[in-house]
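The next block holds one structure in the form of structure tokens; read it before the comments.
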Amino acid sequence: MGRSTITSRQAVEELCSRILSSRDAMRNEDVQRLERIILMGKKHAGELSSGDIDTEYRFIISVLIEIIKRISEEPGK
Amino acid sequence: MIVNAVGTDRITLWNLNGKNIEKTVHRNNSEIFVSGDKYDLDFLSRQFDSSGWIRYSWLESRDIYGNMPGMNVTVKPSQERELVRIIQYCGYGRKFSVFNAFIDPVLKFMAKEKLRFFDKKSLYDPDPQLPAMDISVNGQKYGNFSGITINGSSERVSLNAMENVASEIENSTVIIYDNHNGNLSRFLRYMENAGYALPKIYSGRGGSYESYGQIHYSEGRIRINGKMCISKSSMIYSESGLEGVYELSKISSLNPETASIVTPGTAVSSMEIYRALSLGILVTAFKDDHEREKSIESLFNTDRGGFVLQPDPGIYENIYEIDFSSMYPTIIVNYNLSPETIKASPGKNRIKLPGDNPYYVERNWRGFLSSAIEPLLKERLIYKTIKAMDRSYENRDIALKWLLVTSFGYTGYKNARFGRIELHEAITSIGRWALSRAMRICEDEGFKVIHGIVDSLWVKGNGNITHAITRIRNETMINIVLDAHYEWLFVPPSKSGLGALNRYFGLKKNSGFKVRGIDLRRSDVPEISRKMQRELLEILSQCKTIPEIGEASGRITQVRDRYMSKLRLMEKDDFTLNIKPSRRLEDYRVENIQKAAIRSVRNMGLDENPGQRLEIIVKDGKRNIIAETGEDNPDYSFYEKYINRAFEPFQYLISYAKKRERVSLEDWF
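So the sequence lines, in the order shown, correspond to chains R and G.
Under this note's numbering, the first residue of the first sequence is numbered 1389, with each subsequent residue one higher.
Under this note's numbering, the first residue of the second sequence is numbered 110, with each subsequent residue one higher.
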């Protein structure tokens, strides 16, 4: 459990801070969108760690799950 | 009943006979076993022969993996360390394997003679009532004493008080002491210097140490000849009282004084060693098989902890919380996990373990570890069931709980005598598998899973929870119980905006609140925060539904406003902060409260110790000044921050209740 390797949660946190390091070069409204993506990426990263998937893929799949969830929860869908 | 044993080369057994303690002295020899190559062992035997003082015999013995030939060497326990050093020297540190060495001499004696501490006929029997005294000394500036508390009654330091202390020590068998700041050690020395004839006293210095990234302080220990001295700062005593210490002593076969100071991990290890020695199984002295070689992919895949399902922040109604009881120890027992039964490859009579691990387990024989932990698990189950009947049962249950928790953790500790990393990996993997199976079954039974963490699941819905639990129990072979049924459960957001994993509170149907992680449960906040949260929960206890919480929002905010406006009228004690500075004064680079507290300790002429808990009141939060006299008032604006922080989760709660029960990620932007 993170004995000699970082935990899946730490790996995602590290990826998020790498992504967020580019925010200084972005417009404010885009930074807000980026932060939203980060949150969506973190949401399912823990669950997805039970599969043998790279951190980056876990992050993207988590974002996609949240987007699909949001689309399907929209009124009328 | 044996209540204590002390000594090394001679063991003094304390046998409780009626109300009297009879002490008998027994000669103690230590037997260690050396194995290695036949040629090397012959060489070693010639060395022993020429020494003239080392006695040995040729023998075949077994460890948990199988039989091996070797030499059984008999020495006095006090010479054991020197002998092992000689053996290591003769074998260049690698040619010989040494067994049954470096074991507590009392524990080894108890195992050899097949004796047990506090051996009762039945688990329900009460503990012996040994004459006990409880003593603490309050210190003052420059090493003076302000008072003594004996058995709960306080008095000023006087000749009369010292007479009382001397007579209580003489008449007591168990001495429960508080040696905060070394006050008691100094006081006993002061009494000796004043001419009081006390039994021989040994007092050690306290010390700071680091554990899991945190600095802790261990108070200086006191030993008094012919007495059992139990420190109040002992983890097991503070958690479970004397009953817990006796229970730990019974299980670990360490004497009560030692049992009270060792970590639960050492106690578990001692229990395993006792069992091994009584069964004639060798216990390795130097561990060299804690981990097999593995590829980097395998390391990444297996080196994982418990399963966590991220909750959304919000309020949820009609929630069931189901918990696997003693999940990891049960996995060890029910899946027969032990260093010698876990295998990396398939084979005859081996079955694949469930979960995302590459391991197999032998099913033809019972593993050592699983058979050692099984009685512990059974005993805990009994005490857990009857703990409401008597406080002593509850304390025994707490002690057993700690042992079971560490029995798992110790499997991953490289120096644990019966540990193995693969075992640790297999246990967490089966745990993850069991929780995910439980999730699937709950969904199948009509529930929606809200939150899950390691061994607990929170589910919502109107399915048949009893049926779901039975299915989970049958499928995973791990006992799972319904821990709570909530009217509503609130999960506050964490800083990231996702639901907090370890902070929540909920109103249980018919039985009050379950609260985790908020200020009410923290020791580093002032009492005002806890008082306010208690009042807030009192109001919320009347609210059975989310709309009712919304309706109570006015009353809830009124409580916060009242605390803010009446802060100056509250008792000074309510502002006490319990802090733990982690460095020495010179090591602090910035001025902060911790530094001010440490400076105040130094100004009082007392020892400053990183990791030591200090109680302070902040007089000026901006300039980091703490109150040093009774006349100093707290900095009320500083404490307003605590009120606001304690109110934060309740602020979220009412805003959710007013809007809707669950908040999506969108709400955080």
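All residues carry an ideal CB built from backbone N, CA and C; glycine is no exception.
Since this is a predicted model, take the numbers as computed values, not measurements.
- Within chain G, the residues E406, F409, N410 and D465 have their CB atoms less than 9 Å from the CB of R:D1440, given in chain order.
- The beta-bridge partner set that DSSP reports for G:M177 consists of G:S170.
- Only buried fits G:H289, as 16 or more other CB atoms lie within 10 angstroms of its CB.
- In this model, G:G608 and G:L686 are separated by some 28 Å (Cα to Cα).
- Following the DSSP letters along the chain, one finds G:Y429 in no alpha helix (DSSP H) but inside the beta strand (DSSP E) bounded by residues G423 to F433.
- Within the region 367 to 429 of chain G, the alpha helix (DSSP H) runs of at least 4 residues that lie entirely inside it are, in chain order, 373 to 387 and 405 to 411.
- Taken in chain order, the unbroken stretches of alpha helix (DSSP H) that lie wholly in the region 264 to 336 of chain G and span 4 residues or more are 268 to 280 and 292 to 302.
- Within chain R, the residues G1434 have their CB atoms less than 7 Å from the CB of G:V417, given in chain order.
- Judged by DSSP in its simplified three-state form, G:T515 adopts helix.
- Between the alpha carbons of G:E695 and G:I707 lies a distance of about 10 Å.
- Residues M271 of the same chain have their beta carbon placed closer than 8 Å to that of G:A303, with the five preceding and five following residues left out of the count.
- When DSSP states are grouped into helix, strand and coil, G:R692 belongs to the coil group.
- The criterion of a C-beta distance shorter than 8 Å is satisfied by G:T393 and G:R526.
- With a beta-carbon spacing of about 7 Å, G:G116 and G:N137 fall inside the 8 Å limit used to define contacts.
- Below 8 Å, too few C-beta pairs join the region 308 to 322 of chain G and the region 182 to 190 of chain G to call them touching: fewer than three.
- Counting other Cβ atoms within 10 Å of its Cβ, G:E301 stays below 16 and is therefore classed as exposed.
- Taken through DSSP and simplified to helix, strand or coil, G:D670 comes out as helix.
- The region 588 to 599 of chain G makes contact with the region 426 to 439 of chain G; the number of CB pairs closer than 8 Å reaches 3 or more.
- For R:S1409, the closest Cβ of chain G is not nearer than 8 Å.
- Checking the DSSP bridge columns, you'll see G:G116 partnered with G:I120.
- G:W542: member of the alpha helix (DSSP H) spanning I530 to D553, first to last residue.
- The beta carbon of G:Y305 lies closer than 6 Å to those of A275 in the same chain, with the five residues before and after it left out.
- Comparing alpha-carbon positions, the option among G:Y595, G:V563 and G:K557 lying closest to G:A577 turns out to be G:K557.
- Annotation for G:T585: the continuous alpha helix (DSSP H) segment containing it runs I574 to T585.
- Residues of chain G with a Cβ closer than 7 Å to the Cβ of R:S1405 do not exist; the shortest Cβ-Cβ separation is about 12 Å.
- If you draw a straight line from the Cα of G:F747 to the Cα of G:R754, it is about 12 Å long.
- Not a single CB atom of chain G sits nearer than 8 Å to the CB of R:S1460.
- For the pair G:E717 and G:R698, the CB atoms are not nearer than the 8 Å cut-off.
- Assigned with DSSP and collapsed to three states, G:E488 falls in helix.
- Per DSSP, G:M344 is one residue of the alpha helix (DSSP H) stretching across M344 to S361.
- Put simply, of G:R669, G:L513 and G:N124 the residue whose alpha carbon is nearest the alpha carbon of G:N364 is G:N124.
- Contact of G:R541 with chain R is assigned, a C-beta pair being separated by under 8 Å.
- In this structure, DSSP gives G:I763 a helical state, which the three-state scheme calls helix.
- Out of G:D553, G:G476 and G:I495, the CA that lies nearest to the CA of G:I581 is found in G:D553.
- Within the region 584 to 667 of chain G, the complete alpha helix (DSSP H) runs of at least 4 residues fall at 636 to 649 and 655 to 660.
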